[in-house]
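K.L.:
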Amino acid sequence: MNIIQTFYSYTDGDPLFDNAGFLSAEFNWLSIALSCVLLKQHFGKVTLYCNHKVRILVEELHIPYTNIVEIPDFMEDYEGYNLWALPKVYTYSMQREPFLHVDCDWFMFEKLSDEFLSSDLFAQNIEYDDQFYNRKCIERFIHAGGVVPQCVSSELSAPICRVANAGILGGNDIDFIRRYVSQVYSFIKKNDRVLKETKDGFINSFYEQMFFYTMARQENKSVNYCTRGDKLSTKFDWFDIDFTCKPKYGYMHLLASLKRTINAQIFVSQYLRNIAPDLYKNIIQTYINRGGHTIINYFDICNDLCINNLRTNDLIFSETKKYLKINVPISKESLDSYITNSNYKKDNLLSKIYYTDLMRYNAEKSLIENYQEICSINDKNINFFWKEELLKKNKLKLNNKF
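For reference, each letter of the sequence shown is one residue, going 1 to 402 in full-length UniProt numbering.
1. Is K111 near H42, with beta carbons less than 7 angstroms apart?
2. Helix, strand or coil: how does DSSP classify M108 here?
3. If you compare alpha carbons, which of Y298, D278 and I295 is closest to I63?
4. Let's see if you can read the secondary structure: which residues bound the beta strand (DSSP E) around C151?
5. For K190 and G145, I'd like the C-alpha separation in whole angstroms.
6. Does DSSP put M1 in a helix, a strand or coil?
7. Going straight from the alpha carbon of D129 to that of I296, what length do you get?
8. Short check: CB of Q124 to CB of I168, under 7 angstroms?
9. Could you check if H143 is buried or exposed, using at least 16 other CB atoms within 10 Å of its CB as the buried criterion?
10. Can you tell me the Cα-Cα spacing of F122 and V89, whole angstroms?
11. Would you mind sorting R96 into buried or exposed? The rule is 16 or more other CB atoms within 10 Å of its CB.
12. Which residues in the same chain as L117 place their Cβ atom closer than 6 angstroms to its Cβ, once the five residues preceding and following it in sequence are excluded?
13. Can you list, in chain order, the residues of its chain whose CB lies under 7 angstroms from that of D18, leaving out five sequence neighbours each side?
14. Do three or more CB pairs link the region 178-188 to the region 131-141 at distances below 8 angstroms?
15. Would you mind listing the beta strand (DSSP E) stretches within the region 95-145 that are 3+ residues and don't spill past its ends, in chain order?
16. If I follow the unbroken alpha helix (DSSP H) through H52, where does it start and stop?
17. Judging by CA-CA distance, which residue of L100, Q218, W106 and I203 is the nearest neighbour of Q150?
18. Could you tell me the boundaries of the alpha helix (DSSP H) in which A166 lies?
19. For the region 186-206 against the region 91-110, are there 3 or more C-beta pairs whose distance is under 8 angstroms?
20. Assign A20 to buried or exposed, taking buried as 16 or more other Cβ atoms, counted over all protein chains shown, within 10 Å of its Cβ.
21. Can you tell me whether DSSP reads Y338 as helix, strand or coil?
22. Apply the 10 Å Cβ neighbour rule to V223 and answer buried if 16 or more other Cβ atoms are within range, or exposed otherwise.
23. Which residues in the same chain as I283 place their Cβ atom closer than 7 angstroms to its Cβ, once the five residues preceding and following it in sequence are excluded?
24. Considering only their Cβ atoms, is the gap separating L57 from P87 smaller than 7 angstroms?
25. Using a Cβ-Cβ cutoff of less than 6 angstroms, which residues in the same chain neighbour I3 once the five nearest sequence positions on both sides are dropped?
26. Write down the C-beta distance between R135 and Y213 rounded to the nearest angstrom, noting that I regard them as a contact closer than 8 angstroms.
27. Could you tell me the distance, in whole angstroms, from the CA atom of I275 to the CA atom of F239?
28. In whole angstroms, give me the CA-to-CA distance for I353 and Y298.
29. Within the continuous beta strand (DSSP E) that includes V69, where are the two ends?
30. Quick one: is N220 buried, meaning 16 or more other Cβ sit within 10 Å of its Cβ, or exposed?
31. Taking C-alpha atoms, which residue in Y287, T294, G250 and K281 lies nearest to F107?
32. If the criterion is Cβ atoms closer than 7 angstroms, does the pair I71 and Y49 meet it?
33. Between which two residues does the beta strand (DSSP E) carrying M210 extend?
34. Return the CA-CA distance between Y280 and Y225, expressed in angstroms with no decimal places.
35. Measure the Cβ-Cβ separation of A264 and L272 and say whether it is below 7 angstroms.
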């Protein structure tokens with residue numbers, strides 16, 4: 001079984017600054033690294049399919065893929081179409097042996113069973129589209145002149161549509177995968193004009209996920225799912241996301257808006273820091289050294305540029321509206337909570353960080369002078385909570401309060 005992933009960067013510049021839907025680009029690369037490391041722990045080998053500039057960056061960041069397959073920059077032909085799932089379909093098309101494709105924001109804490117991996121086909125779960133995302137998308141698409149294949153007609157006639165979530169996707173029936181990929185390419189070709197005009201991102205779920213689901217049903221194929229159930233809402237309220245530090249089981253998929261929460265960002269960074277500290281540090285240092293602005297202050301990275309790059313609330317909030325409701329870890333309230341839960345006195349060095357960070361011209365001198373103490377306190381608390389699992393016991397989460 002070949003374990004594979006895909007990352008295609010559309011940016012014209014440095015892919016290091018491609019946020020891929022996350023709040024900040026460094027978390028995109030921390031997520032890719034975490035996903036890769038966990039897969040290697042379970043399977044030993046992982047292959048990444050990516051375009052050239054991504055390959056160069058992955059090698060620079062030392063993300064430990066066993067093999068990297070460079071794919072052409074074919075998405076330049078679809079600039080402005082919003083067909084972000086097409087590179088994944090391209091990767092599917094290149095497979096000649098059984099495979100498991102895993103999204104780069106999908107974390108496998110527990111290895112999938114041999115029984116699961118021996119299935120003809122598999123995916124994450126059946127999405128029960130009670131929010132009508134797919135139906136509304138197709139209605140808009142057809143209204144604009146789009147043509148849908150016959151294989152989805154029965155599903156579109158149902159009161160509520162279902163699709164196969166492609167957080168993971170693959171199987172042992174390669175002949176089916178080839179027919180499925182062929183159907184996707186045919187759909188893209190026939191609807192080139194409409195796809196370019198509508199630019200509807202929801203169409204990706206239609207051709208990648210609904211085609212897979214409906215074709216499998218039409219051909220009476222057996223499909224295994226990580227999470228079973230026929231009415232798993234697209235609100236994903238059934239999906240229990242645990243951002244604490246306790247040991248993890250099963251899987252986590254930071255799909256859609258889940259990846260745009262500060263809790264998710266901090267969890268990814270701290271989890272990677274715990275299982276692959278050198279990789280974590282290399283990604284953060286590379287990002288900062290190249291001029292990246294982080295939305296979290298990394299006191300554990302011993303680097304003058306990192307200290308000079310410390311963020312203040314006012315600076316972050318003024319740069320973009322998307323951060324307006326985020327309390328970054330250096331805020332007064334967050335710091336007070338951190339000190340209280342850590343049993344450190346108010347007159348401790350940590351209480352001074354808030355004020356020195358607001359007065360940016362004093363931050364570098366103060367933090368350099370007291371760097372070792374800050375890092376020691378930070379490490380002590382993170383490791384203590386991680387090992388003792390007090391977060392769960394005290395009903396606390398590893399979030400912006402830390």
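Cβ atoms here follow ideal geometry from the backbone N, Cα and C, with glycine treated the same way.
Here the structure is a predicted model, which means the values were calculated and not measured.
P.N.:
On the basis of the data shown:
1. Walking along the sequence shown from the start, residue 111 turns up at place 111. Walking along the sequence shown from the start, residue 42 turns up at place 42. In this structure, H42 lies closer than 7 angstroms to K111 by Cβ.
2. In the sequence shown, the residue the question calls residue 108 occupies position 108. Correct three-state label for M108: strand.
3. Against the sequence shown, residue 63 aligns to sequence position 63. Per the Cα distances, D278.
4. Taking the sequence shown and counting its residues from 1, one reaches residue 151 at position 151. That residue, C151, is in no beta strand (DSSP E); it is neither H nor E in DSSP.
5. Your numbering for residue 190 matches position 190 in the sequence shown. Your numbering for residue 145 matches position 145 in the sequence shown. Their backbone Cα atoms lie some 11 angstroms apart in a straight line.
6. Translated into positions along the sequence shown, residue 1 becomes position 1. Reduced to three states, the DSSP call for M1 is coil.
7. For this step, residue 129 is matched to residue 129 along the sequence shown. For this step, residue 296 is matched to residue 296 along the sequence shown. Computed Cα separation, rounded: 35 angstroms.
8. Here residue 124 is taken as the residue at index 124 of the sequence shown, counted from 1. Here residue 168 is taken as the residue at index 168 of the sequence shown, counted from 1. Cβ distance < 7 angstroms, so Q124 and I168 count as in contact.
9. Here residue 143 is taken as the residue at index 143 of the sequence shown, counted from 1. It is exposed - the Cβ of H143 has fewer than 16 other Cβ atoms within 10 Å.
10. Counting from 1 along the sequence shown, the entry for residue 122 is found at position 122. Counting from 1 along the sequence shown, the entry for residue 89 is found at position 89. F122 and V89: Cα-Cα distance of roughly 15 angstroms.
11. Your numbering for residue 96 matches position 96 in the sequence shown. Flag for R96 reads exposed.
12. For the purposes of this step, residue 117 is identified with residue 117 of the sequence shown, where counting begins at 1. So the list reads M1, once near-sequence residues are dropped.
13. The residue you call residue 18 lines up with position 18 of the sequence shown. Excluding positions up to five away in sequence, the list reads S9, T11, A25 and N28.
14. no
15. 99-102, 106-108, 121-123 and 126-128
16. Reading the sequence shown from its first residue, position 52 is the one you call residue 52. That run of the alpha helix (DSSP H) goes H52 to L61.
17. By 1-based counting over the sequence shown, the position of residue 150 is 150. Selected option, being the one with the closest Cα: Q218.
18. Counted from its first residue, the sequence shown places residue 166 at position 166. A166 -> no alpha helix (DSSP H), and no H or E assigned at all.
19. no
20. Start at 1 with the first residue of the sequence shown, and residue 20 comes out as number 20. Classification for A20: buried.
21. Counted from its first residue, the sequence shown places residue 338 at position 338. For Y338, the predicted structure reports a pLDDT of 46, less than 50, and the residue's modelled location is therefore unreliable. The matter cannot be settled from this model.
22. Counting from 1 along the sequence shown, the entry for residue 223 is found at position 223. V223 comes out buried.
23. Counting from 1 along the sequence shown, the entry for residue 283 is found at position 283. Once the five neighbours on either side are set aside, the close Cβ partners of I283 are E26, W29, L30, A33 and L61.
24. Taking the sequence shown and counting its residues from 1, the one referred to as residue 87 is at position 87. Taking the sequence shown and counting its residues from 1, the one referred to as residue 57 is at position 57. No, the Cβ-Cβ distance between P87 and L57 is not below 7 angstroms.
25. Counting from 1 along the sequence shown, the entry for residue 3 is found at position 3. Correct list, in chain order: L39, F43, V46 and L100.
26. As a working mapping, residue 135 is identified with position 135 in the sequence shown. As a working mapping, residue 213 is identified with position 213 in the sequence shown. Not a contact, Cβ separation roughly 14 angstroms.
27. Here residue 275 refers to the residue found at position 275 when the sequence shown is read from its first residue. Here residue 239 refers to the residue found at position 239 when the sequence shown is read from its first residue. Cα to Cα, the separation comes out at about 24 angstroms.
28. Taking the sequence shown and counting its residues from 1, one reaches residue 353 at position 353. Taking the sequence shown and counting its residues from 1, one reaches residue 298 at position 298. Note on I353: pLDDT 43, under 50, position unreliable in the model; the coordinate value appears next. One C-alpha to the other measures close to 13 angstroms.
29. Position 69 of the sequence shown, counted from the start, is the residue given in the question as residue 69. First-last of the beta strand (DSSP E) with V69: N67 to E70.
30. Stepping through the sequence shown from its first residue, residue 220 is reached at position 220. Exposed.
31. As a position in the sequence shown, residue 107 is number 107, starting the count at 1. Closest by alpha carbon: G250.
32. The residue you call residue 71 lines up with position 71 of the sequence shown. The residue you call residue 49 lines up with position 49 of the sequence shown. Yes, the pair counts as a contact, with Cβ atoms nearer than the cut-off.
33. Position 210 of the sequence shown holds residue 210. Here M210 belongs to no beta strand (DSSP E), and DSSP marks it neither H nor E.
34. For this step, residue 280 is matched to residue 280 along the sequence shown. For this step, residue 225 is matched to residue 225 along the sequence shown. So the two alpha carbons sit approximately 31 angstroms from each other.
35. As a position in the sequence shown, residue 264 is number 264, starting the count at 1. As a position in the sequence shown, residue 272 is number 272, starting the count at 1. Not in contact: A264 and L272 (Cβ atoms no closer than 7 angstroms).
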